[in-house]
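Below is one structure, written out as structure tokens; the observations come after it.
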Amino acid sequence: VWDVRTKAQIFALSGHENTVCSVFTQAV
644 VWDVRTKAQI FALSGHENTV CSVFTQAV
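When the letters of the sequence shown are read in order and numbered with our numbering, they come out as residues 644 to 671.
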């Protein structure tokens, strides 16, 4: 997971063997 402002990686997803192309988020 990347910070779009700084372009820095902030979190690495685990448990996936292939590229993650999209992520769905919902504001709380």
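Glycine residues also receive a C-beta, built at the ideal position from the N, C-alpha and C atoms.
Nonlocal neighbours in the same chain, by C-beta distance under 6 angstroms from residue i, ignoring five residues either side
i: Trp-645; result: Gln-652
i: Phe-654; result: Val-644
i: Val-671; result: none
Helix, strand or coil at residue i according to DSSP, with G and I counted as helix
i: Gln-652; result: strand
9 angstroms Cβ cutoff met for residue i and residue j
i: Leu-656; j: Val-647; result: no
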